[in-house]
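Just below is one structure, and these are the notes that go with it.
Protein chains: 2
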Amino acid sequence: MWRFLKRLLIGKPLKTLEEGSQHLSRTKALALLSSDALSSVAYGTEQITTALIAASTVALWLQIPIAILVLVLLTAITLSYRQIIHAYPSGGGAYVVTSTNWGRNAGLVAGGSLLVDYMLTVAVSVAAGTEAITSAVPALHPYSVGIGVVIILILMGINLRGVRESAGFLMVPVYLFIVMITGMVLYGLYNIATGQVAFHAAAAIGTSSSSITILLFLRAFSSGSSSLTGVEAISNAVPNFKEPKPRNAAATLSIMALILAFFFGGITFLSYWYGIRPNDHVTVLAQIGQTIFGHGVMFYLLQIATALILAVAANTGFSAFPQLAFNLAKDKFMPHIYMDKGDRLGYSNGIMSLAVGAIVLLLIFNGSTEALIPLYAVGVFVPFTLSQSGMIIHWFREREGFWLGKASINFVGAFISFALVIILFWMHFKSVWPYLIIMPVLLRMFWTINRHYKAVAKQLRVLSKEPIKRHHYDGSTVIVLVSNLTKATADAIDYAQSMGDRVLAMHVSFDSNPEKEHRLGVEFKREFPDVRYVDIHSSYRSITEPSLRFVDEIAKGAKERNHSLTILIPQFVPRHGWQNALHNQNSLRLRTALASRDVTVSTYYFHLKE
Amino acid sequence: MWRFLKRLLIGKPLKTLEEGSQHLSRTKALALLSSDALSSVAYGTEQITTALIAASTVALWLQIPIAILVLVLLTAITLSYRQIIHAYPSGGGAYVVTSTNWGRNAGLVAGGSLLVDYMLTVAVSVAAGTEAITSAVPALHPYSVGIGVVIILILMGINLRGVRESAGFLMVPVYLFIVMITGMVLYGLYNIATGQVAFHAAAAIGTSSSSITILLFLRAFSSGSSSLTGVEAISNAVPNFKEPKPRNAAATLSIMALILAFFFGGITFLSYWYGIRPNDHVTVLAQIGQTIFGHGVMFYLLQIATALILAVAANTGFSAFPQLAFNLAKDKFMPHIYMDKGDRLGYSNGIMSLAVGAIVLLLIFNGSTEALIPLYAVGVFVPFTLSQSGMIIHWFREREGFWLGKASINFVGAFISFALVIILFWMHFKSVWPYLIIMPVLLRMFWTINRHYKAVAKQLRVLSKEPIKRHHYDGSTVIVLVSNLTKATADAIDYAQSMGDRVLAMHVSFDSNPEKEHRLGVEFKREFPDVRYVDIHSSYRSITEPSLRFVDEIAKGAKERNHSLTILIPQFVPRHGWQNALHNQNSLRLRTALASRDVTVSTYYFHLKE
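Respectively, the protein sequence lines represent chains R and X.
Heads up: the first sequence runs through residues 409 to 1018, numbered per the working numbering.
Heads up: the second sequence runs through residues 409 to 1018, numbered per the working numbering.
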């Protein structure tokens, strides 16, 4: 039943060797990995203008120089990440680059930041997408958290089905958004060029005012930097590309950066020219769309495309998070389960952890996302800084060909990113402080896990020089747990006698019915005269503690005899799973308790036929 | 840590033989078992007047004849239950009486009704108690569901500590309530007798009006019958009394019925005399209290006592439900876990199931209880009818002494109860219909469980006439699951060789790293030349299916050889529980899958020291 459902929802299992065919072409990769970055334009310009208008309307012209600075930053980051893709074609992005060049701890800071960030990506994008839906259909507003949860679960399902198929699924909304925004920006510029739209800007560029300060500029710039979130996704996912992987990935990154630059530049320019003022009810993007298209079909199509790409943006996290978790697990910093591939070759555990984390964030913040955006930006720019400064070290180490030029490009990227982190902490401390708590906790967790795996490996290691220390037992003792005299008991004793040189029957008796206990002993000894029967008395209705005491005693004797020791627990296997609830769980408790002892616990399955 | 917490909250475990000392004196039993019945007066009169005033104010005088009829019913039920206590001193109440006299199915209807009813008791009483609290402190109103859940959890904790101690805990509120209501009724009557309060009734008894119909009378009477819920609790709990159990239980029941009759009669008479009209803001009981005591300390004390006894009333369910579940489990109609006594000699599983059920009801109905009261009444009066009519059969069978008189008493009780069930279905079908769905489902569940237990017993039964069929194996085959070559592997092989005559090593290999797989095979064969090494290839990254296929094949061979078959799975036991999350769960999955096969699964524990 469960297997059937899983098949239906997730698809038939794929062989490991089918993996090659799961790789992405450029067009599909663009759809799968660029939605996070591109969808940022839905709120990037708005973040800048909201910060500016808080000071004065005149300050709005600052959005043009800020946009130019953001575009410079975008160029530097894109060039820098192209270099990273070529230098580290096995993926892992900021985590791998930083670990290699700056060392473990810095790498873990980058990795930890991104792990948290991917959860924020999913939560923020889904919440924003849900807002777009509920703005279109206000009747759905009371159910927005529920809608968000459903969207996350749908994305989880798509990703559990496998990478390639999800790309097929997600191409439509991304390309629809690209077409809609391109059309809007071009038509808007055409209107301006043909003079059909007059100059409406709140204040011309260069207008001076006492309200225009460096602090305001920095605050607005750092808010606008949220437009650059998601750019790193492609560099983490290089192994998912078709061969030649690095070239295809780098080309996809460049295409994405050009589209993003055109969109962000165009939208900000139109926002300046049309004198758009941000307000609580209609987004800046929607205002621009309404001005250009009017309140018709095209406007609604724009809104739908925006809502869809925000939902799809959440999907970026679903490709990047499991890959990063895999890299951390491979280095023994996260549990090994993140290395298991599922039936459809996705890292199922990473996908499910991400979904759970994002749903929790959605529930905690009740779908309100504005306070999360600065934290999100810090989580992005810390790894940007680390990986790009790491690349400078990389070039200094290699010193080949045009290395000084490459190092300079990375220096510009690193410098602007680092400055942004400082500005974000300075200007938005109220939203950003949790980062200072989450990071140390994550680092401690990474190292605790790492120490454990290393300690285990050391204890298990077989040195190839010396022969393995073997233990030759002289025989085996088997203790059979007996609760009453049934066919199951008899079968278990028969089995025990085939395995053990010495077989004991252990029965735990209670105060409630002494005659019955006595009769059982007599009957047992009559049926199995060759098995020593031991009746252990319990005053507390628990079989665990007296059993453990008895086992410890027998273990001592077994050691003296050089016997191995086995505890055999008969267990019913009913025909239907639910029937397990009808059989008492004493044996399960005993098994758990025995795990603490140096014995082997065997389960004798007695299959019930009806 | 968990053990320490459990000790702290639940107390130190009690020996089975300490059970005798856990029995109840009359005073304590009254506190523990009467709160449900007595607290009904907090809403009984109100239910009647609310039904009457919906027709007309004049109809309010009907509360006097209705109250008299309720008191007749109370007398009949009390006498009837006294007879039941003496006839069935081992407890079980309606379930046992009905099963014995009417047969299994009728008994299960009674038992099922009461199981559901005890959950309703807890939910309704806790919700009503919470309402009393939030009426006193309106600021707490938004948290009422949370408060209800906390109260249920506290009651669960008290009951897990054991019966006697909880009675000590709960005596104060019950006796406070008894003192408060007694004082209020006596003072109110004194005021009337001394002429200090004039006759305020809305209409004198006998005033005729077109609005007074038989239907109205029946509707109000059936609503008022909710005052009688909880009377059966004592007859279910006879085994909890001190010796002589039946006499003490019967005496407690009579005392309780007298108090209840005095309270219900007094309150209804005062409500009539003072012309109280029910409204949504102040309860009838509070209105009477305010009229008699004024708006001072005594009034608040009355409200507190009311709130407390309602909370305590919920506790009745906690003594009755586990006992009834025990009786049903003993007859193989409910899972055996309801027969396990906990550390403190309470039936822990029954207590916890009840708490969970009541919390779920509280959450579903969001603390609104009015619609539940008719359902609650049906759940009470169906078993009343069944057990009392069953008693008539009982007397006819015995035909000793004053049997005809006793049968007549039970006949009156059965007749009125049956009439009430009919009236409740007729007048309150909108609230009562779920009963028609819950009962068939419960009955089906009871019988399904019963059939399973009987089928199991049949399969396990050893006939004492013929000797037990034994199986003598000629040897044993052991398959060791090997994932790599470590000290744990070596230890497991050593162990397997002590047990098995033929040892095989099974390794599941994947496509990802063929050289590594090959090297493992070579090294293993070098180290363990006497063990057959089998490399099973999996294309789907699952070890379960190929392992099962291999095991099935070996099982065939073992059968031919007349060998027993064991699968040995090595498992790491880390020093700290959380570290289990760091080791993959493949072996657990394999173990679950192997339970379907006719093999024995052994777990070799390798204890990690760091």
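Each residue gets a CB set at the ideal place from its N, CA and C atoms; glycine is no exception.
Nothing here was measured: the structure is a model prediction, and the numbers come from that model.
- Non-local beta-carbon contacts of S447 of chain X in its own chain, meaning distances under 6 angstroms to residues more than five positions away in sequence, involve I717, L718, A721 in chain order.
- A direct Cα-to-Cα measurement between L693 of chain R and L678 of chain R gives close to 10 angstroms.
- The CB of P922 of chain R never comes closer than 9 angstroms to any CB in chain X; the least such distance is about 11 angstroms.
- Residue state for H880 of chain X is assigned as coil, using DSSP reduced to three classes.
- Excluding sequence positions up to five before and after I589 of chain R, its CB lies within less than 6 angstroms of the CB of F671, all in the same chain and listed in chain order.
- Among the CB atoms of chain X, none fall inside 9 angstroms of the CB of F958 of chain R.
- A buried status is given to D902 of chain X, since no fewer than 16 other beta-carbon atoms sit within 10 Å of its beta-carbon.
- Per DSSP, reduced to three states, the secondary structure at R910 of chain R is strand.
- In summary, the residues of the segment 902-914 of chain X whose CB is separated from some CB of chain R by less than 8 angstroms are D902, Y903, Q905, S906, M907, G908, in the order they occur in the chain.
- Looking at the DSSP output, I977 of chain R shares a beta bridge with R:T1011.
- In the three-state reduction of the DSSP assignment, Y941 of chain X falls in the strand class, which pools E and B.
- With respect to the 9 angstroms criterion, A531 of chain X and M664 of chain X are not classified as neighbours on the basis of their beta carbons.
- Contact with chain X is absent for V939 of chain R, since none of that chain's Cβ atoms lies less than 9 angstroms from the residue's Cβ.
- By the CB criterion at 9 angstroms, L441 of chain X and I642 of chain X fall inside the cutoff.
- At a beta-carbon threshold of 9 angstroms, the residues of chain R lying near K895 of chain X are Q867, L868, R869, V870, I876, K877, ordered along the chain.
- Pairing D882 of chain R with R969 of chain R gives a Cβ-Cβ distance under 9 angstroms.
- Runs of the alpha helix (DSSP H) spanning 4 or more residues and lying entirely within the segment 762-827 of chain R occur at 780-806, in chain order.
- Given a length threshold of 4 residues, each whole run of the alpha helix (DSSP H) inside the segment 456-507 of chain X is given here in chain order: 471-495.
- Under the Cβ criterion (8 angstroms, minimum of three pairs), the segment 858-872 of chain R counts as touching the segment 976-993 of chain X.
- Taking a Cβ-Cβ cut-off of 8 angstroms, Q731 of chain X has no neighbours in chain R, whose nearest Cβ is about 16 angstroms from it.
- Contact of Y861 of chain X with chain R by beta-carbon distance below 9 angstroms involves L990.
- With respect to A763 of chain X, L563 of chain X sits close: the two C-beta atoms are nearer than 9 angstroms.
- Using beta-carbon distances, R1005 of chain R counts as an interface residue toward chain X, with a partner under 9 angstroms.
- Exposure of G985 of chain X is indicated by the presence of fewer than 16 other C-beta atoms within 10 angstroms of its C-beta.
- When C-beta atoms of the segment 613-620 of chain X are compared with those of the segment 460-468 of chain X, three or more pairs fall below 8 angstroms, so the two segments count as touching.
- Shown here, H860 of chain X sits in a helix according to DSSP, grouped into three states.
- In the three-state reduction of the DSSP assignment, L832 of chain R falls in the helix class.
- At least 9 angstroms separates the CB of V849 of chain R from every CB of chain X.
- Contacts with chain X at 9 angstroms (Cβ-Cβ) include L976 of chain R.
- No residue range can be given for W841 of chain R, since it is assigned to no alpha helix (DSSP H) and is classified by DSSP as neither H nor E.
- Taking one beta carbon from each stretch, the segment 916-929 of chain X and the segment 1000-1011 of chain X have fewer than 3 pairs nearer than 8 angstroms; the two do not touch.
- With fewer than three CB-CB distances shorter than 8 angstroms, the segment 513-521 of chain R does not count as touching the segment 694-712 of chain R.
- Excluding its 5 nearest sequence neighbours in each direction, H836 of chain R has C-beta neighbours in its own chain below 6 angstroms: P782, listed in chain order.
- Residue contact with chain R for R999 of chain X: present (Cβ-Cβ distance below 9 angstroms to some residue of chain R).
- The three-state secondary structure of H549 of chain X, taken from DSSP, is helix.
- W841 of chain R is classed as exposed because its beta carbon has fewer than 16 other beta carbons within 10 Å across all chains shown.
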